[in-house]
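Numbering (this note's numbering), first residue to last: 2 to 85. Glycine residues also receive a C-beta, built at the ideal position from the N, C-alpha and C atoms.
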Amino acid sequence: MQNKAVRYVTRSTVVAAGAVATAATSVAAAALAGSIIFSPVPDASARMDGISQDLRRAVQLNQITEEQAVKFEAKLAGRILGEA
2 MQNKAVRYVT RSTVVAAGAV ATAATSVAAA ALAGSIIFSP VPDASARMDG ISQDLRRAVQ
62 LNQITEEQAV KFEAKLAGRI LGEA
């Protein structure tokens, strides 16, 4: 009989610890989302600079070709900067 009581306490403790861990994770996720939402949005030229750097890096790593990078950058520039 005593054995069952110990097992019950141990199981409920594990469940409670899991609930606390889940709650802490949720709070951390909410804090991160809040920081992203309220962070300043970079202007269009800063975004394009970052895209250009990322594409140059992708070309250096042979992930895409130079031609693909140029076409993709032009497509994004049209959307971000409003150019044709």
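Nearest C-alpha to residue 52 among 26, 62, 77: 77. DSSP places residue 52 inside the alpha helix (DSSP H), whose first and last residues are 45-61.
Between residue 56 and residue 74, the C-beta gap is smaller than 8 Å, which places the two residues in contact. Counting only residues of its own chain and dropping the five nearest sequence neighbours on each side, residue 70 has a CB closer than 7 Å to the CB of 56, 59, 60. Going by beta carbons, residue 45 and residue 82 fall inside the 8 Å limit. In the three-state scheme derived from DSSP, where H, G and I count as helix and E and B as strand, residue 65 is classed as coil.
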